[in-house]
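Residue numbers (this note's numbering): 137 to 329.
Right, here's the structure in full:
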């Protein structure tokens, strides 16, 4: 059962979703078609989506998904116009800005894993060119739980391998003891006769 704050947040999101659906229906739009559907996907997705304007000097958010509030405490609607230095610690912001420019100017796709505030994320960035503007789009996924599960699996495999080694050593010791005890028993029986 979800914690009460989580349940309350889920109800708020569902309420927002339904309110948005109602507004679209009143406007004569079908919210399950085209751009409306894509917007709903981004709004309710667990991924952190973004589009930025990038120059060699700066990387500025144009639009970002609202769930950034969960990651950095700032919802996407308040990120528009902000630079990486406005949103992240200086060293991390420098790295993000450099990565952003490398992608926007070089035309490649960048896939990287990052750590922030004790959480693990994987990010995909790709360029978008609109006229003369160098834009960058991408998304980030929280992989903390997956990383934790992988570490637990590695620990369990190491523990199992250690148990196997100990079991093998025990069987070897029992075999050696048996081989030593047989001649000793023979000698004892013959010595008593």
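Think of the CB as a built atom: it goes at the ideal place given N, C-alpha and C, for glycine as much as any other residue. Because the structure is a prediction, the values reported are computed rather than measured.
With 16 other Cβ atoms within 10 Å as the buried cut-off, status of residue i
i: residue 202; result: buried
i: residue 296; result: exposed
i: residue 340; result: This structure leaves residue 340 out entirely; the chain is present only between 137 and 329.
i: residue 269; result: exposed
i: residue 212; result: buried
i: residue 190; result: buried
Local conformation of residue i per DSSP, three classes
i: residue 327; result: helix
i: residue 260; result: strand
i: residue 277; result: strand
i: residue 224; result: coil
i: residue 218; result: coil
i: residue 208; result: helix
i: residue 268; result: coil
i: residue 187; result: strand
i: residue 201; result: coil
i: residue 213; result: helix
i: residue 181; result: coil
i: residue 193; result: coil
Beta-carbon proximity check, residue i vs residue j, cutoff 8 Å
i: residue 232; j: residue 220; result: yes
i: residue 230; j: residue 255; result: no
i: residue 163; j: residue 185; result: no
i: residue 228; j: residue 252; result: yes
i: residue 259; j: residue 274; result: yes
i: residue 224; j: residue 245; result: no
The ligand SAH heavy atom lying under 7 Å from the CB of residue i
i: residue 277; result: As for the ligand SAH, it is missing from this structure, which has no ligand bound.
Residues near residue i by beta carbon distance below 8 Å, same chain, minus five either side
i: residue 182; result: 203, 277 and 278
Assumed close pair residue i, residue j - CB separation to whole angstroms, cut-off 8 Å
i: residue 271; j: residue 239; result: The Cβ separation is near 10 Å, so there is no contact.
i: residue 217; j: residue 196; result: 7 Å
i: residue 180; j: residue 149; result: 7 Å
Own chain residues within Cβ distance below 6 Å of residue i, not counting five before or after
i: residue 205; result: 211
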